[in-house]
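To start, the structure itself, in C-alpha cells.
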Amino acid sequence: MEFSNTSSTLLDWSGSVLLVGLVKGQVQDVIDQLEKLLDGSLKQELDRLKFTAESSETASFRFLNSSLKKLVLVGLGNPEELSINELRKATAAGVREAIDSDEKLGIFFPWDQYEREQALKAVSETAKLCVFKDLRFQSAPETKAKPKKIEFIGTQELSTSTLEYVHASCAGVELARELVGAPANKLTPSELARKAGEIAKENNLECLVLERNNCRDLGMGAYLAVSQGSDLEPKFIHLTYRPNGAVHKKLALVGKGLTFDSGGYNLKVGASQIELMKFDMGGSAAVLGAAMGIGKMKPLGVEVHFIVAACENMVNGSAIHPGDIVQASNGKTIEINNTDAEGRLTLADALVYACKLQPDKVIDLATLTGACVIALGEEIAGLWTNNDELARDLESASNEAGENLWRMPLRKSYKDGLKSLLADLKNTGPRAGGSITAALFLNEFVDESIPWAHLDIAGTVWAEKDRGIDPAGATGYGVRTLLNWVLRESKK
Ligand code: BES
Ligand code: MG
Ligand code: ZN
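Take 3 as the starting number for the sequence shown in my numbering and just add one per residue.
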C-alpha cells in the first residue's frame, strides 16, 4: 500500500473509490460538492438514512453511471470533540467499508481541522493496519482485495519523514502481529531467536543469543526453571541498536517471551483459555517489532537494547514441581507456589540482565496476569512504574500512538502477599490485586536507581473481533507506543 497526496479538490479528483470524512454540523458544503460530482441528490438519501456524521458512523453508496463507483461517508463527530484518536477510529470504520477492490482509494478529510502531520500519520497507519490479514496458515487463501494506492485529497505534500515513520511503524506492528498469531508449533523459542537474528541482519542491529549453558553460567535459575519442563531449548535473545554518532542515552526494552504457557503442573484448566496461550510472547513481539522499527528509523543519540528470555512453560518429568525453590541471577531465592506464574520468573532474570547493562531507563512488556484483564479489559494495558516522569512520558507516547494504558499502583504494602516461609519470596500472592503483586514481584529484580516501567498487556495483545485499527486476532499492541517513546527520548 502506497500513500501519496494530491492538492486537487474533490471536484477534480479522479478515481473510482472515495472515502469522505464529515464533521457533524458541517456536512452541507461537502455534500454540495459531491452532488455536483455525482450529478445527483445525496442529501435526500442521507436524510432517509438519518446520517448525522456521528463519530465513526458510515454510509456507503455505489454508482453505475459515474466514473466514481463507490463513495463512503464517515462521521468524524462533533467539531469541538475532534481528536486524532477519533480520526483513527473513523478511518478504520471508513476504510473497512470502502475497500473491496485493489483500485486506488481517495481519502478526503478536513485536514485543516487537525494538526496536519499527525493526522496524516494517524490516517495512513490506520488505513494500512486495519485491513491487515494473516493468511500464512491457509492452503488456498481467499485474498480480499486491498487498494494498492491511497491518495489524500486536498492536502500538501506528504513529508518523507512522515512516510518513513509510517512505513517503519507499520512494519513493526505487522511483524508483531505475525509473531503473536503464529501458533506454538510454528513459533518455538528457537524460531523466535532465528527471527530475531533475521530482524537484526536486515536492520543493522547486533544480535546475541544465549543458550541454556550461558544462562546457567549467569545464574538465571528462575528463567531456566520455567524452561526445564519443555523439550525445546530456551533462547535468551539480546538485540542492540547503536546510533550513528554519540550516545547520550541508553534504553532497555524487555519482553515476556513464552511461546506457549500451559500453566505447567498448575495446568490451565476450565475457562483459562489454554488454547490462546501462544500469545504469551506478545511482550517479546512488541519488543522485536520495536527493534525492527527503530532499526529502520535510526534515531540519533539513543542506544537501545531489546531483551527476550524466550521459552515454553510445559509439563514433563523434569518440569518444576509446585513448591520448588529456585535462585534468580541477582541471588534472590523464589518459592514457586504456582507454576502458572511463570512469566515473572523469566522476566526476573531478564530484568536483572537488562539492569546490568546500566541503562538510563527500562521498560518491560508482558502478558502477565489474567487479573489485569479483569481490571482493565481488552482495550487498556496496565502501567506500573517507579518514576512519575516515565509515567507521563509513556502516557503521552501511547496516547499519540492510539494505544491505551492506565497507570496502576505499585502499592508497597501488598508485598506482604509475596512473603515465603522458606525463600526470599513466593512468585504468587493472593488472588485479589493479582496484577499489582505481579508488578511488585518484578520490582524485586530491578535496580532501584533505574526508572522502570512495566506494561501488562494480557488484555490488549489479542482482539476478539475487529476493533478500530486492530483487526480480530493479534493486535501488535505496544510497538507504536515504544517507537514513539524511543523517538521522544532521542530528541530529549
Ligand atoms: N500468561 C498468563 C496470563 C494471562 C492470562 C494472559 C489470561 C492473558 C490472558 C500468566 O502466565 C498466568 O498464567 N498468570 C496467572 C497468575 C496466577 C497464577 C497468579 C493468572 O493470571 O492466572
Ligand atoms: Mg502462566
Ligand atoms: Zn504466561
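For every residue, glycine included, the Cβ atom is placed at its ideal position computed from N, Cα and C. In this text, all values refer to a predicted model and were calculated from it rather than measured experimentally.
Can you give the Cα-Cα distance for ILE336 and LEU255, rounded to whole angstroms?
Their backbone Cα atoms lie some 24 Å apart in a straight line.
In terms of alpha-carbon separation, which member of ALA403, LEU392, ILE438, ASP395 lies closest to ARG413?
Among ALA403, LEU392, ILE438, ASP395, the Cα nearest to that of ARG413 is on ILE438.
Please classify ASN246: is it buried, with 16 or more other beta-carbons within 10 angstroms of its beta-carbon, or exposed?
Per the 10 Å Cβ criterion, exposed.
Ligand 3 heavy atoms versus the CB of GLY345: any closer than 6 Å?
Indeed, a heavy atom of ligand 3 lies less than 6 Å from the Cβ.
Which of the three DSSP states, helix, strand or coil, is assigned to THR162?
If DSSP states are grouped into helix, strand and coil, THR162 belongs with the helices.
Do you know how far the Cα of GLY295 is from the Cα of TYR167?
Approximately 8 Å between the Cα atoms of the pair.
Tell me which residues share the same chain as LYS72 and place their Cβ nearer than 6 Å to its Cβ, disregarding the 5 neighbours each side in the sequence.
Closer than 6 Å at Cβ, skipping near neighbours: VAL19, ARG64.
Contact defined as beta carbons within less than 8 Å: I believe ASP366 pairs with HIS456. What is the distance between those atoms, to the nearest angstrom?
Yes, they are in contact, since the Cβ atoms of ASP366 and HIS456 sit about 5 Å apart, within 8 Å.
What does the alpha-carbon distance come out to for the pair GLU391 and LEU407?
Computed Cα separation, rounded: 15 Å.
How about LEU137: is its Cβ closer than 6 Å to a heavy atom in ligand 5?
As far as ligands go, the structure on display features ligand 1, ligand 2 and ligand 3 and does not contain ligand 5.
Quick check: what's the CA-CA separation for ASN2 versus THR128?
A query on residue 2 cannot be resolved here, the shown segment of the chain reaching from 3 to 494 and no further.
Using the beta-carbon count (16 or more within 10 Å), is GLY325 buried or exposed?
Answer is exposed; the Cβ neighbour count stays below 16.
Could you check whether the Cβ of ASP342 sits closer than 6 Å to any heavy atom belonging to ligand 2?
Because some heavy atom of ligand 2 lies under 6 Å away, the Cβ of ASP342 counts as near it: yes.
Using a Cβ-based criterion (distance less than 6 Å to any ligand heavy atom), does ASP233 qualify as near ligand 2?
Result no, Cβ not under 6 Å from ligand 2.
How far does the alpha helix (DSSP H) with ALA497 in it reach, from first residue to last?
Outside the displayed range of the chain (3 to 494) lies residue 497, so it cannot be described from this structure.
Following the continuous beta strand (DSSP E) through ASN406, name the residue where it begins and the one where it ends.
That run of the beta strand (DSSP E) goes 406 to 409.
Does the beta carbon of ASP326 fall short of 6 Å from some heavy atom of ligand 2?
Outside the cutoff, so no.
Using only the heavy atoms of ligand 3, determine whether one of them is closer than 6 Å to the beta carbon of ASP263.
Yes, the beta carbon of ASP263 sits closer than 6 Å to at least one heavy atom of ligand 3.
By alpha-carbon positions, which one of ALA399, GLY480, LEU427 ends up nearest to LEU489?
LEU489 has its Cα closest to that of ALA399, out of ALA399, GLY480, LEU427.
For ARG90 versus GLY291, is the C-beta distance shorter than 7 Å?
No.
By the 10 Å Cβ neighbour count, where 16 or more other Cβ atoms means buried, how is ASN67 classified, buried or exposed?
So ASN67 ends up on the exposed side.
Does DSSP put ASP558 in a helix, a strand or coil?
An answer regarding residue 558 cannot be provided, because it is not within the stretch 3 to 494 covered by the chain.
Identify which residue in ALA377, PRO185, SER161 has its Cα closest to the Cα of ILE276.
The option with the nearest alpha carbon to ILE276 is PRO185.
Can we count ASP282 as close to ligand 3, meaning its CB is less than 6 Å from some heavy atom?
For ligand 3, at least one heavy atom lies less than 6 Å from the Cβ of ASP282.
May I have the straight-line CA-CA distance separating ASP395 from LEU485, to the nearest angstrom?
The straight-line gap from Cα to Cα measures roughly 12 Å.
Please determine whether the Cβ atom of LEU542 lies at a distance below 6 Å from any heavy atom of ligand 3.
Residue 542 is absent from the structure shown; the chain starts at 3 and stops at 494.
Can you tell me which of the three DSSP states TYR243 falls into?
If DSSP states are grouped into helix, strand and coil, TYR243 belongs with the strands.
Taking only runs that begin and end inside the region 7 to 45, name each unbroken alpha helix (DSSP H) of 4 or more residues, in chain order.
Whole alpha helix (DSSP H) segments, 4+ residues: 30 to 40.
Over the uninterrupted beta strand (DSSP E) stretch that includes PHE154, give me the two end residues.
151 to 155 is the extent of the beta strand (DSSP E) around PHE154.
Rank ALA198, PHE139, ALA352, VAL97 by C-alpha distance to the C-alpha of VAL148 and give the top, closest one.
Rather than Val, the amino acid found at residue 148 in this sequence is Lys. It is VAL97.
Could you say which of SER163, SER232, ALA227 lies nearest to THR190 if we only look at CA atoms?
Ranking the options by Cα distance to THR190, first place goes to SER232.
Decide yes or no for the touch test of the region 366 to 381 against the region 234 to 251: beta carbon pairs closer than 8 Å, at least 3 of them.
Cβ pair count under 8 Å is below three, so no.
Whose C-beta lies closer than 8 Å to the C-beta of GLN158 among residues of the same chain, with five residues either side of it excluded?
If we look at GLN158 and ignore the five residues flanking it on each side, its Cβ neighbours are ASN7, SER9, ARG118.
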